[in-house]
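Asker: Taken in order, these protein sequences are the chains called A and B.
In case it helps, our numbering puts the first sequence at residues 668 to 1348.
In case it helps, our numbering puts the second sequence at residues 574 to 890.
The C-beta atom is built at its ideal place from N, Cα and C for all residues, glycine as well.
Note that the coordinates shown come from a computational prediction; the quantities given were computed from them, not determined experimentally.
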Amino acid sequence: MKKLIEVRNLNIAYAGPSGWTNVVQDVSFEIARGEAFGLVGESGCGKSTVAYRLLGYGTINSFVQTGEVLFDGVDLLKLGPASLTRLRGNRIALVPQNPTTSLSPGMRVGPQIREMIATHKALPDDTTMERRIVELFALVGLPDVGHRYPHELSGGQQQRVTIAMAVACNPDLLVLDEPTTGLDVTTQRQIIQLLSDLRARIGMAMLYVTHDLALLAQIANRVGVMYAGQLVEVAASDKLLSAPAHPYSRGLIASIPTMDGTDRQTRGLRGVLRRDQMSTGCKFEPRCDFATTACRTTPQALELIADARSVACMRWRDAATQQLPAVVAGPHGRTAARSERLLSVADLSLSYQRPSIVDKFLGRTTHSVVRDIDLELRAGEVVALVGESGSGKSTIARAISGRLPPRSGAITLEDGPLSPALDGRSAEHLRQIQYIFQNPDASLNPRSSIRSILERPLKHFGIPADGKTLETVLESVGLHAGYLDRIPDQLSGGERQRIAIARALLVNPKLLICDEILSALDVSVQARIVELLRSLKEKHDVAMLFISHDLAVVQQLADRVAVLYHGELMQMSETASLLTAPLHPYTEMLLEAAPSLRKDGHVSRPPATPTLKATPGIGCPFAGRCPRQPGSLCADTRPPIQETGSGFVRCHLPIDGLGRHARSPQHMRSPAVEDMRLQSL
Amino acid sequence: MSVARLLFSRILFSALTLLLVSILIFLILEALPGDVATRILGRDATAKALEVLRSQLHLNQPALVRYFQWIGDFLRGDLGVSIATGRPIADVLAPRILNTLLLSLLAFAIYLVLALVPAIIQAVNRGKAVDNVISVITLLLLSLPDFLLATMLLFLFAVAVPILPALATISETSTWQETLRAMVLPAVTLAIMMAVYAIRVLRDSLIEVLRSDYVRLAELKGLRPRAVLFRHALPNAIVPALNVTALNLGFLIGGVVIVERVFSYPGFGTLLIDALQLRDIPLIKATVMISAAVYVAANLVADVLAVLLQPRLRTSR
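Structure below.
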């Protein structure tokens, strides 16, 4: 195949307060026409910097760069602004990471596509602009949404719009910057499916940047693994995933939680990428299990080890053969079933709108975001709350933490009722329930030292503390006393999340509410925080309400799982039985969407009856999207609760009929699900 | 929330604000020490003359009745009679308001240019020398009191380099060229005073928007820099500056008083000062109410514009 893009010895360095930082070092790779190349690595490894250089884009301030980025033989790094403008969007297009912030908020999406086609005069002769835009929407599986503003579309639809935009001028190369990171598993799957489909149809090349190897398995032909600005391994994606050669690749793959339950031959990565702790030789040496003294001083460069496969490690043969003690995965020590009830939630209904006087007068009822939630947690038990975004997971957590007084229902802690509002709760109740937020960057005061962040809850609750208390708690989250005098800015994302966990632990809570606490972190960091949470649960008997959309993590940590859809509990079950026999059609759908490390050719199931809309509060909310629903019964009648061995299922179908569904391989790429959401707007 | 509903609630709040203002003015003027009639006629006035004036001014009636009478007349468009001149206030006000309106419009037009151009230049060249120089100049102007700026401009362009008239006196017989020439200095003074705030706000918000993901995507779509700036960056950056502009209009009302005084421009501001000096209470009430109404209306317009520029606000509460 002919090379479309060729990166040769790319070096990029920024001037920082402490001298030069090499963001990218000697990176070379090429992408052939029509090929999908993946670039993977932890945050801060320089993968995005490389990707944006392929668009000739980067901050001009204070950096030096050498090397070449040849696109069709032209060096993009030497092109002037005018020539770059002609290439961008036209021949090299970008699908951005976050569609919500990447679409211009004050402009309808149609004109945003139109201006791009108009600028590049890329309208085919035989069609009109309006027809072309509708055609592009159809290509990405959207109805004509051109007259809508970005905020009127869901995240998945917004990403479809940016993809439609990116392919509007039939580019030769598509640069994708973590295009599915912010999306639900099911939506993620649909987007991946759409992208592979588009590639097959249009035949453009792709550079796919991500930290998610499982996604690359689904879409990339070849993958480059980056560490600290260098490519450490380049290989065909199936080869890389099945037999990684570089110790870093091995660690990265081992860190990914999977649900197939295979025994791990390797263990996850330790430490984090720190630019200030790097040896003069191999960059990965401080974290490498195979490192020798020679590694510390000998710089490593990519060398060809097999056909189309290269590795930058002089000990790759040893690494590939040596076996390391496996870390036992899966939840263990299930003591929870015996212990006492800690928290119970009965008939909980929540709403963000307070009914106004007019509504009350007219007898109108406002829509509840969450309905009829019954939930129980025992001491030391981890219950996972899973579901897509908007399903009400965080809303339930808000109610339990007292930040959203429920419309109806009761929350009980141990044996006493819990006041619905925060200011009605006693200090003791407040201490017993601690909350850890999704984003540690935003939940720690950037101006306080770690010491004062940790001391505050102690002072507030009047908990006696000696000099050792803080050190002990830092140790329990895997940090040391040296962190006390730092400020959050000097910590990495994973370290900050550990501080947030330490802060919650200091006051000896009985219940931790973990609201998507892993989603902002790299896989290697995730793996270690899961380890940490598991030991907390076992050693300190802390119960957790673990909110997540990542079923693989849930499998490692949770005793029981509650599946939420549109504010209603669809299923409640013990983790193992839920994952092996999902029963509820929605659980089934969630499980199917979770990516595995093998190319699985997953196709999203189209909804059986997209036109069916459930009566709010009465019918099953999943009715229209359910591939198995028997008829209009689902939309009009409240599904009964059916007891199962370890929990319940809310579904009209009898339990015997559930879970043994013959999967019909319908190769329809219908995003009709989103159309439905659109129609309900 | 639909635009209509938003408009309705904002108008309701504006009306409520004005009602409160009217009560406040009335109370303040009522609380002034001494008898109004004595103040107007002087200490030597006869008891009979005082009595006549009091009944003319309805001072014999309780305050509540007088308030409702005043506000009722006001709403019907009857602003009362100026005590000092004896002419209907509407007749006194009308030409002055027209003059000030002309001055304000000119000042506002100059303001828009003076605010937008430097802010855009700064944001596009952030961190460079141009940015710093403009920053220093705006800071300097920001710290100058308005009457000093007015006097400096007066000295520069009317005395040192006499290209513009020092006194902005105009009358009904002035030609429009004369009127325009007379208005330039006061208008520029007002515009500068308003623009310095707006430049700083607009520069910062524009820099933030230029760093946003959607501007980056617009650049990477291959749009020309001008399209990126004017179609994607500016409309979103202007929203914070809108609020400043609304506050600026409030300043304009206050600034007009001082600037008109310095340049002896026969506008609304000089009238207000005259009314205060002459203790012409009906005139004071009318002028204050009108300036309050202008201020409230300006904020209303800014709110509605912000919603129109940010479609997201239309649907979220």
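#1: Give the range of the alpha helix (DSSP H) segment to which S708/B is assigned.
#2: What residue range is occupied by the uninterrupted beta strand (DSSP E) comprising T1079/A?
#3: Three or more C-beta pairs under 8 Å: does that hold for the stretch 660 to 672 of chain B against the stretch 839 to 859 of chain B?
#4: Just to confirm before moving on: does the CB-CB distance between L843/A and V762/A stay below 8 Å?
#5: Which one of Y1150/A, I858/A, L1203/A and L841/A has the shortest CA to CA distance from I1166/A?
#6: Quick one: list the residues of chain A neighbouring S785/B, beta-carbon separation under 7 Å, in chain order.
#7: Could you check whether the stretch 812 to 828 of chain B touches the stretch 632 to 651 of chain B, counting it as contact only if at least three pairs of C-beta atoms, one from each stretch, sit closer than 8 Å?
#8: For A800/B and chain A, any beta-carbon pair shorter than 8 Å?
#9: Under 8 Å between the Cβ atoms of L1009/A and L743/A?
#10: What residues from chain B crowd round Y724/A, counting only those whose CB sits closer than 9 Å?
#11: Determine the burial state of D792/A: buried for a count of at least 16 other Cβ atoms within 10 Å of its Cβ, exposed for fewer.
#12: Looking at the secondary structure, which residues open and close the alpha helix (DSSP H) in which Q1101/A lies?
#13: Starting from F586/B, follow the alpha helix (DSSP H) in both directions and report where the run begins and ends.
#14: Counting only Cβ pairs nearer than 8 Å, list the residues of chain B close to R755/A.
#15: Just to confirm the assignment, what range does the alpha helix (DSSP H) spanning I784/A have?
#16: Measure the CB-CB distance between S1191/A and S863/A and report whether it falls below 8 Å.
#17: Could you pull out every residue in the same chain whose Cβ sits closer than 7 Å to the Cβ of S1016/A, ignoring the five residues on either side in sequence?
#18: Report the neighbours of S771/A on chain B: residues whose CB is nearer than 7 Å to its CB, in chain order.
#19: Taking the alpha-carbon positions, what's the A696/B to P1107/A distance?
#20: Can you say whether G713/A is buried or exposed, counting buried as having 16 or more other CB atoms within 10 angstroms of its CB?
#21: With distances taken Cα to Cα, identify the nearest neighbour of P1252/A among V1174/A, S1263/A and V1230/A.
#22: Give the range of the beta strand (DSSP E) segment to which F803/B is assigned.
#23: Pick out whichever of R982/A, C836/A and R700/A has its Cα sitting closest to the Cα of P911/A.
#24: Within 10 angstroms of the Cβ of F581/B, are there 16 or more other Cβ atoms? Answer buried if so, exposed if not.
#25: From the DSSP output, in three-state form, read off T733/A for me.
#26: Among the candidates L593/B, W749/B and T658/B, whose CA atom is the shortest distance from the CA of Y640/B?
#27: Which residues mark the beginning and the end of the alpha helix (DSSP H) in which T716/A is found?
#28: Measuring only the C-alpha atoms, how far is H814/A from A749/A?
#29: Under a three-way DSSP split, which group does C1318/A fall into?
#30: Which residue marks the beginning of the alpha helix (DSSP H) containing F841/B, and which one marks its end?
#31: When the Cα of Q860/A is compared with those of V876/A, L1199/A and A884/A, which residue comes out closest?
#32: Would you please state the rounded distance, in angstroms, between the beta carbons of L1172/A and V1197/A? I believe it to be under 8 Å.
#33: Whole angstroms are fine: how far does the CA of R866/A sit from the CA of G705/A?
#34: To which residues of the same chain is R937/A closer than 7 Å at the C-beta, ignoring the five residues directly before and after it?
#35: Kindly indicate if chain B contains any beta-carbon less than 8 Å away from that of H1352/A.
#36: Is the number of C-beta pairs between the stretch 869 to 888 of chain A and the stretch 844 to 858 of chain A that are closer than 8 Å three or more?
Answerer: Considering the structure as presented:
#1: A702 to L715
#2: S1075 to L1080
#3: yes
#4: yes
#5: Y1150/A
#6: T768
#7: no
#8: yes
#9: no
#10: R789, E792 and L793
#11: exposed
#12: Not the alpha helix (DSSP H): Q1101/A falls in the beta strand (DSSP E), residues I1100 to I1103.
#13: V576 to A604
#14: E792, L793, K794 and G795
#15: V776 to T786
#16: no
#17: S1035, V1037, R1038, D1039, P1073, R1074, S1075 and G1076
#18: Y787, A791 and H805
#19: 31 Å
#20: buried
#21: V1230/A
#22: Run containing F803/B: none; DSSP gives neither H nor E here.
#23: R982/A
#24: exposed
#25: strand
#26: L593/B
#27: K714 to R720
#28: 31 Å
#29: coil
#30: F841 to Q850
#31: A884/A
#32: With 8 Å as the limit, L1172/A and V1197/A do not qualify as a contact, their Cβ atoms being about 16 Å apart.
#33: 14 Å
#34: R954
#35: Since the first residue shown for chain A is 668 and the last is 1348, residue 1352/A is missing from the structure and cannot be characterised.
#36: yes
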